Amino acid sequence: MSKRREDLSETVPPKKNRTEDGEELDAEETKSTNGKNDERSGESHPNSLLNEGEVGIIESISLKNFMCHACLGPFKFGPNVNFVVGNNGSGKSAVLAALIVGLGGKATATNRGYSIKGFVKNGQNSADIAITLRNRGPDAFKADIYGEAIIVEQHISREGIRQYRLKSKTGHLVSTKKEELNTILDQFNIQVDNPVSILTQEMSKHFLQSKSEADKYKFFMKATQLEQMREDYAHIMRTKALTNEKIGKQDESLSELKELVKEKEDRYKSLASLDELQEKLEQLKNQMVWALVIELEKDLQPIKARIKTEEGRSVKYDQKVEEWQVKVSEEEEKFKAVQDRLQKITEETQVLGPQRTALKEDVQSKNKAYKETEAMFHRYRTQSKQLEKDHTQLQRRIEELKNSVNQSSQADLRERQERINSQQEQLKVLKDQEATTLQQTDQFQHAISKSRDELYQLRREEQDVKNVCESRKRRLKELKASRTDRLERFGENVPSLLNAIEEAHKGGRFRKKPVGPLGACFRLKYPEFGLAVESCLKGLLLSFCCDNFRDEQVLQSLMSRNFRTGRRPQINVCEFQNDVYDVRGKGVYHPDFPTILDAIEIDNAVVANCLIDMRGIERVLLIKDNSTARKVMQQQKAPKNCREAFTEAGDQVFTNRYYSSEMDRARYLGSDVETEIRQLEIEINNKVAQLSHFQQRLQSIEEEIRLNEVQLKKKQIQRRQIQENITKHNLEIADLENVEELQSVDISTLEEEAQDIWRRIESGKGKLEKAKEDMDVHRKILDEAEQNYKEIKEKISLIAEEADPIKEELSSIDTEIVKDKHLWRHYENKKKEHLYGIDKLKEDLTTKEKVLEENTSKASQICKERLEVTKTPKSIDLEINHLRERINTEQKLHGNREEIIRQYFEVLETYKRVKGQIKSLKKFMRLLTKIMEGRHRAYKIFRRYISLRCKYYFNTMLSQRGYHGKMNFDHKNETLSIAVQPGEGDKAALSDMRSLSGGERSFSTVCFILSLWDTMESPFRCLDEFDVYMDMVNRRISMDMMLKVANSQRYRQFIFLTPQSMSSLPSSSLIRILRMHDPERGQTTLPFRPRDQAEDSDD
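Residue 219 in full-length UniProt numbering sits at position 219 of the sequence shown, with consecutive numbering throughout.
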């Protein structure tokens, strides 16, 4: 029981303040989703300065898809008195049920069902509850983590699985364990299963209608936690009885142990001494250690002599290195001299370069000027020829006009009409040909388009077959390589990566050596399920396990060097453990089908634990055929803890869906490599034949497209020719139709024009001569510039010819330098190898000297004085073995001395330890008996005190209405009888509660509940429909009485659920009213399970 805070001597005892500073309630109205909060303000009570509760009171609660409500809340509760009012079905009791379930209570505690999953609304997959508890003051739970409030969220799935999420005031997730919630409830003294702390409507009705005095007594014991104290006492007494039995058995074994001690002591005293043989053995051991020292000293002499010889040979390497170094220097000086000569010639060429550039530009400018004069000459010549041609044509026209007739004859008109009719007939034929050609062109275009679509589709299919063929070839290569190395099956880079991991581990880069690939770390018990296991584990087969994130970073760097292309294996970080997880409670068991964990043999616990964590292999069944799998998983209730199943073909089966496997064989877990290789070779041959067929078909289609394109081109040309002929005939018809009669022409005008053209011809001849002279002058200037440019080019070519032999000489010298440097480096490497050999010998010498020093030190510790031993260690070892055989022979006769001594002292120590333990246990049991007797007396006194306190408060509460009552506790028979006198004085006799009216019984029950409230320490009290059977008078008196109690206990929270409007409540800042909306139409009954079904467990 928690510490009592009340004083029994007062009628309505005041409570102690829990904090120094209180907080005033906010009088502002707050609205929620499904209800609204209403606070009544008025004059403050004289006790209004008392503090509010700091820990455990409910600040808010919200529901989603809970019972028959889609969304309720959030409801903001006040720190003292809260009324939740609303019509029946509006969700009042749902709030109370959510409070019990949300704080970890069982479904049966709500009296509204026997299964958690029954609280999920019909048609929904889950329900959610969120409760905010105050967390302030010195009694706050982990205030630095949670802050001033703790948010308890609970997610309930359709299957009845609970998931808890404990968050801080800011919404940060702190924990998901129910143990954390239980710790919080214990610290806040919240009793979810206490029927008085949260009194539901059904429990209240049951209490009102109960006729059993034993039920009332049980109700009292559970509400005051006396029942828990009694159970604890009984548990201690049972443990005490078991301990006494154990002490009795140990007393029996102690006498047997005492006889064994006496027997060992007799053997110890009668043991003969073997000191002489042992002393001689010790002398031989001393000789042995110094003989080993002397042998090591002899081994050092050859090493020292070899070091001296090798150091003398170092001079020869120094000479060779110096000789070739000098040759390289000489060749480099010669190379520099030739290079200087070449540089001089290059500079001369560079000097002539600008002159050549200038002359080239001069040639280009003069060539441009020449081209311009030449163009001018040709232009004048062309104009002259054109004028002469025009003059000739004018003369001919004048002659024609002079000889022409003034009008056409009638015969010419008939001839034109006949020609027009002929042209129109030919035009009709051509248009028919054009339509036929256009139709043929469309046919060829459609055939080409169709062939190209088929060609595109074939090429895509060909590419797909090529990809599959390449994949099969790579797989075949891996399988052939896996004949000698099984790890090749997991990728060609895996062996090199494992070698790198081994070297890094030897170098101390890993704290713990990574494990992987996981597929290579286990064997199949049933090879036929290889594809099923591979379909389940997938990428995990190639993954690696690391003990920590530092090792993961090292492994990532190794993978980046070994997997430069392609996808890297996955890395799983999990702490390495030596034992496999115990999954007996979480794994699935089926008498006919194994799980994946049962179907594989794993020697490494790290691999097993990783597969359990990452894939849950203890919950996956292996079933041979898909029909059986569907029957087990879907047509009947799935086995307990079974999440999914895999068939032999790799198909994945859930309780409500089925997925076919994309693979046809196991890639990594196949058992028969040779069979798989043969199968792959057959598939590759089939794919190659398929590719050959595709290529033939592609060639055929491409040839067909080519022929159609040729025919299309011919038809297009034919169409253009027809269109040209049509245009020609149309023009001829137009010309014939538009022929006009010859008009009279003024010949004199044409003659004047001819004379003007002749004058222009004469003028152009002078310009032509002048242009020809300018062209000749510029041609001469151009020839001179080209000659100068040619001379400078020849001069540069001569200089370049002189540089060629120098370049060849420079290249030859460079080759010699490379050769000499190679020999120089060769002898330098030889020298380094020689020096490295000397260093190795010196290191070997140092190591052996260190070993000698250590052996000398050990020998000095064993035998301080050096012994000059002439015997070899081998001969001494033979003597030691012979002596040991003699000692063993003697020990067989008399027993092993050390063993007898060890056994004697071990048995003696065991006897003393067991004797001391029994003595301590007996002393403890005497002390425990004394303590338990005192505790039991205190328990009875405390039970009596609680009973008297409950009686006192019960009578005090009844007196508010003028009632008198009597409570009789029979702790021996565990019964509680309650009698109430509703009249005044002695006018009415005391009556059992069953004989009272509904209102009187409800009022009496409220008084009893209030008296029980005074005996418990929960931070909040909840009461559902307390006034259901009361009349207006009883309701008003009960209400005033509860408000008075609540006002005297400001640090506690009271939540009352009632269908009444509570409009008559007094105005106070301590009272908050939450009004629920009216219920929606069409609400149905909750789908609770029958009573015989068990409660769902937490996740």
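By construction, the Cβ of each residue, glycine as well, lies at the ideal position given by its N, Cα and C atoms. All figures in this text were calculated on a predicted structure; none of them were measured in a lab.
**OP:** Hey, could you find the ends of the beta strand (DSSP E) V192 is sitting in?
**Re:** Indexing the sequence shown from 1 puts residue 192 at position 192. Unbroken run through V192: none, as it is neither H nor E.
Original post:
Can P569 and L542 be called in contact, C-beta distance under 7 Å?
Top reply: Stepping through the sequence shown from its first residue, residue 569 is reached at position 569. Stepping through the sequence shown from its first residue, residue 542 is reached at position 542. A contact, by the Cβ cut-off of 7 Å.
Original post:
Which partner residues does I602 have in the DSSP bridge list?
Top reply: On the sequence shown, position 602 is the one that residue 602 refers to. Its beta-bridge partners are F522.
Original post:
Taking Cβ to Cβ, would you say L768 is nearer than 7 Å to Y370?
Top reply: Looking up residue 768 in the sequence shown gives position 768. Looking up residue 370 in the sequence shown gives position 370. Taking 7 Å as the Cβ cut-off, L768 and Y370 do not qualify as a contacting pair.
**OP:** State the Cα-Cα distance for the pair G171 and I129, rounded to the nearest angstrom.
**Re:** Here the question's residue 171 lines up with position 171 in the sequence shown. Here the question's residue 129 lines up with position 129 in the sequence shown. Using only the alpha carbons, I get a separation of about 15 Å.
Original post:
Taking Cβ to Cβ, would you say S157 is nearer than 7 Å to S115?
Top reply: In the sequence shown, counting from the first residue as 1, residue 157 sits at position 157. In the sequence shown, counting from the first residue as 1, residue 115 sits at position 115. Against a cut-off of 7 Å, the Cβ pair of S115 and S157 comes out as no contact.
Original post:
For the alpha helix (DSSP H) that N182 lies in, which residues bound it at each end?
Top reply: Against the sequence shown, residue 182 aligns to sequence position 182. Per DSSP, N182 belongs to the alpha helix (DSSP H) from K178 to F188.
**OP:** My understanding is that L540 touches L518, with C-beta atoms under 8 Å, so please give their C-beta distance in whole angstroms.
**Re:** Walking along the sequence shown from the start, residue 540 turns up at place 540. Walking along the sequence shown from the start, residue 518 turns up at place 518. Right, the Cβ-Cβ distance comes to about 6 Å (below 8 Å), so this counts as a contact.
**OP:** Return the CA-CA distance between V710 and E704, expressed in angstroms with no decimal places.
**Re:** Walking along the sequence shown from the start, residue 710 turns up at place 710. Walking along the sequence shown from the start, residue 704 turns up at place 704. Cα-Cα distance, rounded: 10 Å.
**OP:** Could you give the DSSP three-state label for K966: helix, strand or coil?
**Re:** Numbered from 1 along the sequence shown, position 966 holds the residue referred to as residue 966. Three-state DSSP puts K966 in a strand.
**OP:** Identify every residue that forms a DSSP beta bridge with I61.
**Re:** Numbered from 1 along the sequence shown, position 61 holds the residue referred to as residue 61. In DSSP, I61 forms a bridge with F75 and I131.
**OP:** In angstroms with no decimal places, state the Cα-to-Cα distance between S797 and Q350.
**Re:** By one-based count along the sequence shown, residue 797 stands at place 797. By one-based count along the sequence shown, residue 350 stands at place 350. Approximately 12 Å, taken between the alpha carbons.
Original post:
What do you get for S69, buried or exposed, if any count of 16 or more other CB atoms within 10 angstroms of its CB means buried?
Top reply: Position 69 of the sequence shown, counted from the first residue, corresponds to residue 69. Residue identity check: residue 69 is His in the sequence provided, not Ser. Per the 10 Å Cβ criterion, buried.
Original post:
Quick one: what's got a C-beta closer than 8 Å to I726's C-beta in the same chain, skipping five residues either side?
Top reply: As a first step, residue 726 is located in the sequence shown; it is residue number 726 there, counting from the start. Excluding residues within five positions, the ones whose Cβ falls inside 8 Å are L427, L430, K431 and E434.
**OP:** Tell me M288's beta-bridge partners as DSSP assigns them.
**Re:** Taking the sequence shown and counting its residues from 1, one reaches residue 288 at position 288. None; M288 has no bridge partner.
Subject >> When Q690, R665, L669 and S692 are compared against Q679, the one with the closest alpha-carbon >> reply: Within the sequence shown, numbered from 1, the residue matching residue 679 stands at position 679. Checking every option, the nearest Cα to that of Q679 belongs to R665.
Subject >> Residues near I420 by beta carbon distance below 6 Å, same chain, minus five either side >> reply: If you number the sequence shown from 1, residue 420 lands on position 420. Excluding sequence neighbours, I420 sits near I733 and L736.
**OP:** Determine the direct distance from the alpha carbon of L958 to that of R1075, and round the result to whole angstroms.
**Re:** Residue mapping note: residue 1075 aligns to position 1075 of the sequence shown, counting from 1. Residue mapping note: residue 958 aligns to position 958 of the sequence shown, counting from 1. For R1075 and L958, the distance between alpha carbons rounds to 30 Å.
Original post:
Where does G507 sit, in a helix, a strand or coil, going by DSSP?
Top reply: To locate residue 507, count along the sequence shown from 1; it is residue 507. In the structure shown, G507 sits in coil (DSSP, three-state: anything other than H, G, I, E or B).
Original post:
Below 7 Å between beta carbons: does that hold for P1019 and G105?
Top reply: As a first step, residue 1019 must be located in the sequence shown, where it is residue number 1019. As a first step, residue 105 must be located in the sequence shown, where it is residue number 105. No. Outside cutoff.
Original post:
Exposed or buried, which one is V777 when buried takes at least 16 other CB atoms within 10 Å?
Top reply: As a first step, residue 777 is located in the sequence shown; it is residue number 777 there, counting from the start. With fewer than 16 Cβ atoms within 10 Å of its Cβ, V777 is classed as exposed.
Original post:
Can at least three beta-carbon pairs, one atom from the region 623-630 and one from the region 542-560, be found at a separation below 8 Å?
Top reply: no
Original post:
In terms of residues, what are the limits of the alpha helix (DSSP H) holding Q553?
Top reply: For the purposes of this step, residue 553 is taken as the residue at position 553 of the sequence shown. Looking at the DSSP string, the run of the alpha helix (DSSP H) that includes Q553 is F549 to N562.
Original post:
What's the gap between the Cα of R943 and the Cα of W1013?
Top reply: On the sequence shown, position 943 is the one that residue 943 refers to. On the sequence shown, position 1013 is the one that residue 1013 refers to. When rounded, the distance between both Cα atoms is 15 Å.
**OP:** Could you please give me the residues that DSSP links to V573 through a beta bridge?
**Re:** Sequence index remark: in the sequence shown, residue 573 carries index 573 (1-based). According to DSSP, which records beta bridges pairwise, V573 is partnered with C546.
Original post:
Among Q393, T243, R112 and T346, which residue has its Cα nearest to the Cα of I757?
Top reply: Translated into the one-based positions of the sequence shown, residue 757 becomes position 757. For the residues Q393, T243, R112 and T346, the minimum Cα distance to I757 belongs to Q393.
Original post:
Terminal residues of the continuous beta strand (DSSP E) containing A645?
Top reply: Looking up residue 645 in the sequence shown gives position 645. Note, A645: beta strand (DSSP E), E644 to T647.
Original post:
Rounded to whole angstroms, how far is the Cβ of V980 from the Cβ of G965, which I believe are closer than 8 Å?
Top reply: The residue given as residue 980 occupies position 980 in the sequence shown. The residue given as residue 965 occupies position 965 in the sequence shown. Correct: roughly 5 Å between the Cβ atoms.
Original post:
How many angstroms separate the CA atom of P1059 from the CA atom of K940?
Top reply: As a working mapping, residue 1059 is identified with position 1059 in the sequence shown. As a working mapping, residue 940 is identified with position 940 in the sequence shown. For P1059 and K940, the distance between alpha carbons rounds to 42 Å.
**OP:** Could you name each continuous alpha helix (DSSP H) segment of 4 residues or more that falls completely within the region 611-662, going from the start of the chain to the end?
**Re:** 626-630
Original post:
Where DSSP assigns a beta bridge to Q1053, which residues make up the other side?
Top reply: By 1-based counting over the sequence shown, the position of residue 1053 is 1053. Paired residues: F1020.
Original post:
Along the chain, where does the alpha helix (DSSP H) that runs through V588 open and close?
Top reply: Within the sequence shown, residue 588 is the residue found at index 588, counting from 1. Note, V588: premise wrong, no alpha helix (DSSP H); not H, not E.
Original post:
Do you know how far the Cα of N968 is from the Cα of Y217?
Top reply: Here residue 217 is taken as the residue at index 217 of the sequence shown, counted from 1. Here residue 968 is taken as the residue at index 968 of the sequence shown, counted from 1. Near 10 Å, if we compare the C-alpha coordinates of N968 and Y217.
Original post:
With a Cβ-Cβ cutoff of 7 Å, do K76 and S93 count as a contact?
Top reply: Looking up residue 76 in the sequence shown gives position 76. Looking up residue 93 in the sequence shown gives position 93. No, these two residues do not count as a Cβ contact at 7 Å.
**OP:** Report the residue from C536, D1040 and S560 whose alpha carbon sits nearest the alpha carbon of S1064.
**Re:** One-based indexing of the sequence shown puts residue 1064 at position 1064. The shortest Cα separation from S1064 among C536, D1040 and S560 belongs to D1040.
Original post:
What are the boundary residues of the beta strand (DSSP E) that includes E153?
Top reply: Here residue 153 corresponds to residue number 153 of the sequence shown, with the count starting at 1. Here the beta strand (DSSP E) through E153 covers A149 to S157.
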